[in-house]
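Data first, discussion second: the structure below is written as C-alpha cells.
Protein chains: 2
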Amino acid sequence: MSIQRPKTITAQVTEILGQRIRDGVYPANSRIPSESELAEDLQVSRTTVRNALAKFAADGLLIRKQGDGTYVSSQASGIDQRYGGQWDFSRVIEGNGFKPSIQMLDRQQRTATADEAEQLNIEAGQPLWTVDRLFYADDFPAIYVTNILPIAYFHNKQAIPDGTLHIHDLLDSVCGQTVGYATTDIEAVQWSDIPRVFKQDRRERPMLKLTEVFYNRDNLPLALGISFYDDARLRLRLIRS
Amino acid sequence: MSIQRPKTITAQVTEILGQRIRDGVYPANSRIPSESELAEDLQVSRTTVRNALAKFAADGLLIRKQGDGTYVSSQASGIDQRYGGQWDFSRVIEGNGFKPSIQMLDRQQRTATADEAEQLNIEAGQPLWTVDRLFYADDFPAIYVTNILPIAYFHNKQAIPDGTLHIHDLLDSVCGQTVGYATTDIEAVQWSDIPRVFKQDRRERPMLKLTEVFYNRDNLPLALGISFYDDARLRLRLIRS
DNA sequence: TAGTGGTCTAGACCACGAG
DNA sequence: TCGTGGTCTAGACCACTAA
Chain S
301 MSIQRPKTIT AQVTEILGQR IRDGVYPANS RIPSESELAE DLQVSRTTVR NALAKFAADG
361 LLIRKQGDGT YVSSQASGID QRYGGQWDFS RVIEGNGFKP SIQMLDRQQR TATADEAEQL
421 NIEAGQPLWT VDRLFYADDF PAIYVTNILP IAYFHNKQAI PDGTLHIHDL LDSVCGQTVG
481 YATTDIEAVQ WSDIPRVFKQ DRRERPMLKL TEVFYNRDNL PLALGISFYD DARLRLRLIR
541 S
Chain D
301 MSIQRPKTIT AQVTEILGQR IRDGVYPANS RIPSESELAE DLQVSRTTVR NALAKFAADG
361 LLIRKQGDGT YVSSQASGID QRYGGQWDFS RVIEGNGFKP SIQMLDRQQR TATADEAEQL
421 NIEAGQPLWT VDRLFYADDF PAIYVTNILP IAYFHNKQAI PDGTLHIHDL LDSVCGQTVG
481 YATTDIEAVQ WSDIPRVFKQ DRRERPMLKL TEVFYNRDNL PLALGISFYD DARLRLRLIR
541 S
C-alpha cells in the first residue's frame with residue numbers, strides 16, 4: 301500500500317499504521333520504527349507521522365517514550381472500545397468477543413414529552429420519530445437503543461428513518477446534518493425500569509443506562525439516544541491518557 | 301498575562317485561552333479571534349495556537365467551523381467533567397454544583413487477593429496498601445473510593461500513603477512513577493453490594509461502580525481504584541467530539 | 001472574494017533515555 | 001553520546017463559509 305494524494309495524507313498514514321498494528325507487523329510490546337524512519341519510508345513529513353501516531357497514543361494503542369521510542373501497547377490486542385471516536389455498539393460487541401447483530405424492534409411517530417423537548421431544545425408536542433433497536437451479542441440481547449429524532453430537522457418530512465444505519469449516518473441522510481459532538485450521561489437503573497427483553501435470562505441485576513445527546517457543530521441538539529447496556533455481558537471500558 | 305519561555309508555550313497559551321473562556325472574555329456562543337490574530341497577539345506561531353485550541357475542541361468547549369471561525373460552546377458554562385484529562389472527583393462534584401470535601405476512612409496493609417493480583421500483574425499474597433476515602437457533595441456522601449497500591453513499587457517500603465493526594469500524585473510521591481494511561485470499567489451494582497455509608501439516605505437504588513487501573517508508560521499496572529459513584533446525586537457525563 | 005480553519009512541509013532546537 | 005520523541009517556527013496551499 302502506498303500513499304495517494306487525493307485523500308488526506310494523515311488519514312492514509314493512520315490507516316497504514318493501524319493495519320500494521322492489527323496485522324502484527326508491529327507486534328504487541330515491540331518498538332516500532334522512529335518517526336523519522338516512518339516519514340522517510342512513507343514519503344511524508346515527520347509532522348504528519350506524528351499526528352497519526354498521536355491518535356493511537358491517545359487511544360492507548362501506542363506508548364511513546366521520549367528518548368527511547370514508540371511501543372505497541374499490550375492492550376492493542378484487546379480491541380477494547382476506545383473512547384474518542386464514535387461509540388459504535390457493534391464494535392463494542394465485537395471487542396468483547398461476540399458476534400454482533402441488530403434487530404429493528406419498532407419505529408413510530410409521536411410527539412415530544414416535556415423532558416425530551418428540553419433536551420432537544422424544541423417545544424413539547426413537536427412531532428418526532430423514535431427508532432428502537434436491539435443489539436445482540438451472539439444470541440443474547442445486549443444493548444437496547446432508542447433513538448429520538450425531531451421531524452422538524454428532516455429534509456423530507458415524509459421520510460422514514462432507516463433502521464440499519466448508525467445514528468451519525470442516519471442524521472446525515474435524513475437531516476443532512478453532521479454530528480459535531482455528543483454528550484453521554486451514565487446511570488445505573490434498577491430491575492423495575494429495565495426493558496422487558498432483558499428480563500428473561502437475567503437475575504434481578506441492575507443495568508447501565510446511557511443517555512446520549514448528539515449536537516451538530518452549531519451547538520444544536522439533533523437527536524437523543526437512550527440505551528440500556530448489559531454490563532454483565534459486555535464490559536464498558538474507557539481508556540484515557 | 302504574557303508568554304514566558306521557560307514553561308511550554310502551548311501550555312501557557314492553553315492556560316490563557318482557558319482563563320478567557322472561564323472569565324467570559326470570550327462569552328458562550330461568541331466567536332473568538334482567528335488563529336492568526338491569536339498567534340499575532342500572543343507572539344507565537346499559528347501551529348502553537350492550533351494545538352491549544354485543539355484541546356478545547358476535543359473537550360467540546362470550543363466549536364471550530366472551517367471557513368467561519370471558532371465559537372465558544374454553550375456547554376462551556378456547565379463545567380461538566382470533561383473526558384480526557386484526569387478524572388478528578390473533587391472537580392466532578394464542583395461541576396455538579398456541590399461543595400466537595402474528602403474524608404479519609406481507612407488505610408491498611410494487607411495481601412493481594414487472586415483477583416487483585418491478576419489486575420495488577422503481580423502474584424497473589426503480595427503486600428499492598430489500601431486507602432479508603434469518601435468524597436462528600438455538600439454534606440452527602442457521593443463517591444466512595446478504594447485505592448490499592450502494591451508495596452513492591454514503593455521507594456520506601458515503610459512509607460504510609462498520604463490520604464489527601466490524588467492517586468496520580470500519590471503514585472508519584474511514593475513510587476516515583478508517572479501515570480501514562482488508565483482504563484475505567486463501568487458497571488451497575490445492586491443494593492446489596494453497596495458500601496454501608498450510602499445505605500442511610502438512599503432508597504434501594506443501584507449505584508455505579510468504576511474500576512480503574514492506572515498504568516505507567518511502560519504498560520505496567522501501578523494501582524487500582526474501585527469507586528462507588530452516586531449517580532442519583534452526581535451526573536456522570538462524558539463529552540466526545 | 002476575502003478570511004477562516006484544515007492540512008502539510010522542512011527545518012530547528014530541546015529533553016530525555018539507553019548504551 | 002547519539003538517537004529518540006517533544007516542541008516550535010514560518011510558510012505554503014487548500015476547502016470552506018459568509019458577505
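Chains as they are written, first to last, in the working numbering: chain S, 301 to 541; chain D, 301 to 541.
Glycine included, every Cβ here is placed at the ideal spot set by N, Cα and C.
Query raised in the report: Can you tell me whether DSSP reads alanine 352 (chain S) as helix, strand or coil?
Result: Looking up residue 352 (chain S) in the first sequence gives position 52. Looking at alanine 352 (chain S) - three-state DSSP - the assignment turns out to be helix.
Query raised in the report: Touch check for the stretch 476 to 491 of chain S and the stretch 462 to 476 of chain D: three-plus C-beta pairs under 8 Å?
Result: no
Query - Candidates D:Glu394, D:Asp462, D:Ile494, D:Ile467, of which the one nearest tyrosine 481 (chain D) by Cα - result: On the second sequence, position 181 is the one that residue 481 (chain D) refers to. Out of D:Glu394, D:Asp462, D:Ile494, D:Ile467, D:Ile467 has the C-alpha closest to the C-alpha of tyrosine 481 (chain D).
Query - Min CB distance serine 373 (chain D) to chain S below 8 Å - result: Here residue 373 (chain D) refers to the residue found at position 73 when the second sequence is read from its first residue. True, the Cβ-Cβ gap to chain S drops below 8 Å.
Query raised in the report: Looking at the C-beta of aspartate 531 (chain S), does it have a partner C-beta in chain D at a distance below 8 Å?
Result: Position 231 of the first sequence holds residue 531 (chain S). Yes, aspartate 531 (chain S) lies at the interface with chain D (some Cβ there is under 8 Å from its Cβ).
Query - Counted within 10 angstroms of its Cβ, other Cβ atoms place serine 527 (chain D) as buried (16 or more) or exposed - result: Position 227 of the second sequence, counting from 1, holds the residue named residue 527 (chain D). Serine 527 (chain D) comes out buried.
Query - Cut-off 7 Å between Cβ atoms - residues of its own chain near glutamine 281 (chain D), not counting five sequence neighbours on either side - result: The structure shown has nothing for residue 281 (chain D), since chain D only spans 301 to 541.
Query raised in the report: Would the stretch 390 to 407 of chain S and the stretch 351 to 368 of chain S be scored as touching if the rule is three or more Cβ pairs under 8 Å?
Result: no
Query raised in the report: Which term fits methionine 507 (chain S), buried or exposed, when burial requires 16 or more other beta carbons within 10 angstroms of its beta carbon?
Result: On the first sequence, residue 507 (chain S) is found 207 positions in, with the first residue counted as 1. Buried.
Report task. Would you kindly report the start and end of the unbroken beta strand (DSSP E) that includes alanine 523 (chain S)? Result -> Counting from 1 along the first sequence, the entry for residue 523 (chain S) is found at position 223. 521 to 529 is the span of the beta strand (DSSP E), which, as asked, contains alanine 523 (chain S).
Query raised in the report: Of all the CB atoms in chain S, is at least one closer than 8 Å to the CB of asparagine 396 (chain D)?
Result: For the purposes of this step, residue 396 (chain D) is taken as residue 96 along the second sequence, with counting starting at 1. Output row for asparagine 396 (chain D): interface = no.
Query raised in the report: Using 8 Å as the threshold, is the stretch 308 to 324 of chain D in touch with the stretch 402 to 410 of chain D, meaning 3 or more CB pairs across them?
Result: no
Query raised in the report: If you measure beta-carbon to beta-carbon, which residues of the stretch 346 to 372 of chain S are closer than 7 Å to chain D?
Result: Gly360, Ile363, Lys365
Query raised in the report: Do you know offhand how far asparagine 516 (chain D)'s Cα is from glutamate 487 (chain S)'s?
Result: For the purposes of this step, residue 516 (chain D) is taken as residue 216 along the second sequence, with counting starting at 1. For the purposes of this step, residue 487 (chain S) is taken as residue 187 along the first sequence, with counting starting at 1. Roughly 30 Å between the two C-alpha positions.
Requested in this report: Mind checking who asparagine 421 (chain S) pairs with in its DSSP beta bridge?
Outcome: Position 121 of the first sequence, counting from 1, holds the residue named residue 421 (chain S). The partner list for asparagine 421 (chain S) (beta bridge, DSSP) is empty, contrary to what the question assumes.
Query raised in the report: Candidates S:Leu534, S:Glu337, S:Gln409: which alpha carbon is nearest valine 431 (chain S)'s?
Result: What you label residue 431 (chain S) is simply residue 131 of the first sequence in a count that begins at 1. It is S:Gln409 whose Cα lies nearest to the Cα of valine 431 (chain S).
Query raised in the report: Near isoleucine 448 (chain S), which residues of its chain fall below 7 Å by C-beta distance, leaving aside the five closest residues on each side in sequence?
Result: Against the first sequence, residue 448 (chain S) aligns to sequence position 148. These residues qualify, in order along the chain: Glu416, Leu428, Thr430, Ala523, Leu524.
Query raised in the report: How big is the Cα-Cα spacing for proline 333 (chain S) and glycine 369 (chain S)?
Result: Against the first sequence, residue 333 (chain S) aligns to sequence position 33. Against the first sequence, residue 369 (chain S) aligns to sequence position 69. Approximately 8 Å, taken between the alpha carbons.
Query raised in the report: Does methionine 507 (chain D) get closer than 8 Å to chain S when you measure Cβ to Cβ?
Result: Within the second sequence, residue 507 (chain D) is the residue found at index 207, counting from 1. By this cut-off, methionine 507 (chain D) is an interface position.
**Report entry** Three-state secondary structure (DSSP) of aspartate 415 (chain D)
**Finding:** Counted from its first residue, the second sequence places residue 415 (chain D) at position 115. In this structure, aspartate 415 (chain D) counts as helix in the three-state DSSP scheme.
Query raised in the report: Closest to tyrosine 326 (chain S) by CA distance: which of S:Val372, S:Leu538, S:Gln458, S:Asp469 is it?
Result: Within the first sequence, the letter at position 26 stands for residue 326 (chain S). Checked all of S:Val372, S:Leu538, S:Gln458, S:Asp469; the closest Cα to tyrosine 326 (chain S) is S:Val372.
Requested in this report: Please state whether DSSP places alanine 542 (chain S) in a helix, a strand or coil.
Outcome: No statement about residue 542 (chain S) is possible, as the shown extent of chain S runs from 301 to 541 and does not include it.
Query - threonine 478 (chain D) in three-state terms, based on DSSP - result: Taking the first residue of the second sequence as 1, we reach residue 478 (chain D) at position 178. Correct three-state label for threonine 478 (chain D): coil.
Query raised in the report: Looking at the structure shown, is aspartate 469 (chain S) part of a helix, part of a strand, or coil, going by DSSP?
Result: Sequence index remark: in the first sequence, residue 469 (chain S) carries index 169 (1-based). Helix, per DSSP.
Query raised in the report: Considering threonine 446 (chain S), what are the terminal residues of the beta strand (DSSP E) in which it resides?
Result: As a working mapping, residue 446 (chain S) is identified with position 146 in the first sequence. Threonine 446 (chain S) -> beta strand (DSSP E) spans 440 to 450.
Requested in this report: Measure from the C-beta of valine 489 (chain D) to each C-beta in chain S and report whether the shortest distance is under 8 Å.
Outcome: Sequence index remark: in the second sequence, residue 489 (chain D) carries index 189 (1-based). Yes, valine 489 (chain D) lies at the interface with chain S (some Cβ there is under 8 Å from its Cβ).
Query raised in the report: Mapping DSSP to helix, strand and coil, what is valine 497 (chain S)?
Result: By 1-based counting over the first sequence, the position of residue 497 (chain S) is 197. It is helical.
**Report entry** Residue span of the alpha helix (DSSP H) that contains alanine 339 (chain S), given as start and end
**Finding:** On the first sequence, residue 339 (chain S) is found 39 positions in, with the first residue counted as 1. Alanine 339 (chain S) -> alpha helix (DSSP H) spans 335 to 342.
Query raised in the report: Which of helix, strand or coil does DSSP assign to leucine 534 (chain D)?
Result: Translated into the one-based positions of the second sequence, residue 534 (chain D) becomes position 234. Residue state, collapsed to three classes: coil.
Query raised in the report: Are there 16 or more other CB atoms within 10 angstroms of the CB of glutamate 423 (chain D), so buried, or fewer, so exposed?
Result: One-based indexing of the second sequence puts residue 423 (chain D) at position 123. Exposed: under 16 other Cβ atoms inside 10 Å.
Query - Reference valine 445 (chain D), options D:Gln366, D:Arg364, D:Asp530, closest by Cα - result: Translated into the one-based positions of the second sequence, residue 445 (chain D) becomes position 145. The residue with the shortest Cα to Cα distance from valine 445 (chain D) is D:Asp530.
Query - Close-in-space but distant-in-sequence residues of the same chain around serine 374 (chain D) (CB under 6 Å, 5 per side omitted) - result: In the second sequence, counting from the first residue as 1, residue 374 (chain D) sits at position 74. So the qualifying residues of the chain are Ala328, Asn329.
Query raised in the report: Along chain D, in chain order, which residues have C-beta atoms closer than 9 Å to that of valine 485 (chain S)?
Result: On the first sequence, residue 485 (chain S) is found 185 positions in, with the first residue counted as 1. Valine is not the amino acid found at residue 485 (chain S); the sequence shown has aspartate there. Within chain D, the residues near aspartate 485 (chain S) are Asp531, Arg535, Leu536, Arg537, Leu538.
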